[in-house]
Ligand SMILES: Cc1ncc(COP(=O)(O)O)c(C=O)c1O
């Protein structure tokens, strides 16, 4: 029996990048001395009031089918927040609840793209993007955000990348892996290109609440953009809720209607008790959420101080998120070799930066979302390993 052509498009380097990470997780679980620094899951627990809201919702019997588009309460909470952040009008009709940003991205890609289309994606890009966009049958046209440009987009290349097959521009800001936050001028240039060529834009804002330096600007807030932008995000990072799969897509109403048809035949609604807790999370300014951001900023600074001690590792201070991108080229190894040998010798798992795109070839991506003690141990092992090579 043969498998579908879709299944062949779901592979690729991005999907394979998780191999070392899964090995490390297994080894750590079996009690080996392994430090997992390869994933964007912080050690913070979901704030207790959110958990309590979920438990109460379960006890009250919110265990039946829920509306396909998401509960009104959660959708309204998302709309209110987006409206306050962007100054644009956002209503219930613009919001679809999805199983995390990942599910929102996939759904948006399916509605925006057809086989034969091209999608301009800024790279380095989150590792699932490749399979996500290719699943639609479209071709990815990457546009670099190189270290030499502070990991911001090369706008001339962006303009040149658009052809008559382009139907979508997709990017994340803040960026995973680099932690770059695109300034207004870059977003205006992207917006101008999208308006000029009549393109959809997917804006992945999952790290928007974890900015340490600079401000987040939603591209949907720029003139002419709310009618062509699909903003995707979730509570995974900001509220330490990755396992809850509580995310959303905000889009113009005609696009939203199509998204909801896709939800009907894929998820048929998401758990009501999760949505009650998620709505509570958005409706309340919890101190715990500020503590997560402040704690990550402290950890970023600690990690940078340790890395500064090593002459062979180069990095730019990330403005946001939970990762450092470290250039390992002066050690004489490729980034894949560095990641593999670091794991075998020091028991630290990191991501090979080249899997995020050509702009991060020669780098590794290392999380700083763990306790000071584990972080110091892990980063010191990385420095020790780099020093041992040169
Ligand atoms: C840029 C980016 N987009 C999307 C996701 C997926 O997030 P979620 O947990 O909301 O599906 C991640 C997760 O690390 C990410 O880094």
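Residue numbers (this note's numbering): 459 to 848.
In this text, a Cβ means the ideal position worked out from N, Cα and C, and glycines have one as well.
Using a Cβ-based criterion (distance less than 8 Å to any ligand heavy atom), does residue 600 qualify as near ligand 1? Every heavy atom of ligand 1 is 8 Å or more from the Cβ of residue 600, so no.
Taking DSSP as the reference, what is the three-state secondary structure of residue 749? Looking at residue 749 - three-state DSSP - the assignment turns out to be helix.
Alpha-carbon spacing of residue 563 relative to residue 660, whole angstroms: One C-alpha to the other measures close to 8 Å.
If contact is defined by three or more beta carbon pairs under 8 Å, each pair taking one atom from either stretch, is the region 837 to 844 in contact with the region 766 to 776? Judged by Cβ distances under 8 Å, the region 766 to 776 makes contact with the region 837 to 844, as three or more pairs qualify.
Of the listed residues 825, 797 and 717, nearest to residue 478 (C-alpha basis): Of the listed residues, the one whose Cα sits closest to residue 478 is 797.
Sheet register partners of residue 660 (DSSP bridge): DSSP output for residue 660 lists 628 and 688 as bridge partner(s).
Alpha carbon of residue 482 to alpha carbon of residue 730, nearest angstrom: Their backbone Cα atoms lie some 34 Å apart in a straight line.
By the DSSP assignment, the beta strand (DSSP E) with residue 705 in it spans what residues? Here the beta strand (DSSP E) through residue 705 covers 704 to 708.
Taking DSSP as the reference, what is the three-state secondary structure of residue 602? Residue 602: strand per DSSP, three-state reduction.
Exposure label - residue 654; buried when at least 16 CB within 10 Å: Exposed is the call here.
In whole angstroms, give me the CA-to-CA distance for residue 493 and residue 803. Roughly 12 Å separates the two Cα atoms.
Closer than 6 Å between the C-beta and any heavy atom of ligand 1: which residues qualify, listed along the chain? For ligand 1, residues qualifying as neighbours are 498, 558, 559, 560, 584, 630, 634, 662, 664, 692, 694, 700 and 705, where qualification means a beta carbon closer than 6 Å to at least one of its heavy atoms (chain order).
Report the three-state DSSP secondary structure of residue 613 (helix, strand or coil). Per DSSP, reduced to three states, the secondary structure at residue 613 is helical.
Beta-carbon separation of residue 702 and residue 694 under 9 Å? In terms of Cβ geometry, residue 702 and residue 694 form a close pair [threshold 9 Å].
Distance between beta carbons of residue 717 and residue 554, contact taken as under 8 Å: The C-beta distance from residue 554 to residue 717 rounds to 5 Å, short enough to meet the 8 Å contact threshold.
With distances taken between CB atoms, is the gap from residue 817 to residue 582 smaller than 9 Å? Yes, Cβ-Cβ distance for residue 817 and residue 582 is below 9 Å.
Tell me the rounded alpha-carbon separation between residue 786 and residue 538. The straight-line gap from Cα to Cα measures roughly 44 Å.
By how many angstroms is the C-alpha of residue 590 removed from the C-alpha of residue 567? C-alpha separation (whole angstroms): 7 Å.
With contact counted as at least three CB pairs below 8 Å, one residue from each stretch, are the region 605 to 619 and the region 644 to 651 in contact? With the cut-off at 8 Å, the region 605 to 619 and the region 644 to 651 touch.
So the candidates are 779, 706 and 522; which of them puts its Cα closest to the Cα of residue 754? For the residues 779, 706 and 522, the minimum Cα distance to residue 754 belongs to 779.
Counting C-beta neighbours from all protein chains within 10 Å, is the total for residue 528 16 or more, i.e. buried, or is it exposed? Residue 528 is buried by the Cβ-count criterion.
Start and end of the beta strand (DSSP E) containing residue 812? Membership of residue 812 in any beta strand (DSSP E) is not indicated, and neither H nor E is assigned to it by DSSP.
Evaluate the contact criterion for the region 595 to 605 versus the region 571 to 581: three or more CB pairs, one atom per stretch, below 8 Å. Judged by Cβ distances under 8 Å, the region 595 to 605 makes contact with the region 571 to 581, as three or more pairs qualify.
Kindly indicate the opening and closing residues of the alpha helix (DSSP H) around residue 785. From DSSP, residue 785 is part of no alpha helix (DSSP H) but of the beta strand (DSSP E) over 781 to 785.
Option in 505, 697, 651 and 462 with minimal Cα separation from residue 594: Ranking 505, 697, 651 and 462 by Cα distance to residue 594 puts 462 first.
Just verifying my parser: in three-state terms, what is the DSSP assignment at residue 640? If DSSP states are grouped into helix, strand and coil, residue 640 belongs with coil.
Would the beta-carbon of residue 739 fall within 9 Å of that of residue 697? Their beta carbons are under 9 Å apart, which means residue 739 touches residue 697 by this criterion.
Assigned exposure category for residue 712 - 16 Cβ within 10 Å defines buried: With fewer than 16 other Cβ atoms within 10 Å, it is exposed.
Can you tell me where the alpha helix (DSSP H) holding residue 508 begins and where it ends? Counted as a single uninterrupted DSSP element, the alpha helix (DSSP H) harbouring residue 508 occupies residues 506 to 517.
Starting from residue 717, trace the beta strand (DSSP E) both ways and give me its first and last residue. For residue 717, there is no enclosing beta strand (DSSP E); the enclosing alpha helix (DSSP H) has its first and last residue at 711 to 724.
Are the beta-carbon atoms of residue 932 and residue 469 separated by less than 9 Å? Residue 932 lies beyond the range of the chain shown here (459 to 848); nothing can be said about it.
Just the Cα atoms here: how many angstroms apart are residue 544 and residue 676? Distance between the alpha carbons of residue 544 and residue 676 is about 6 Å.
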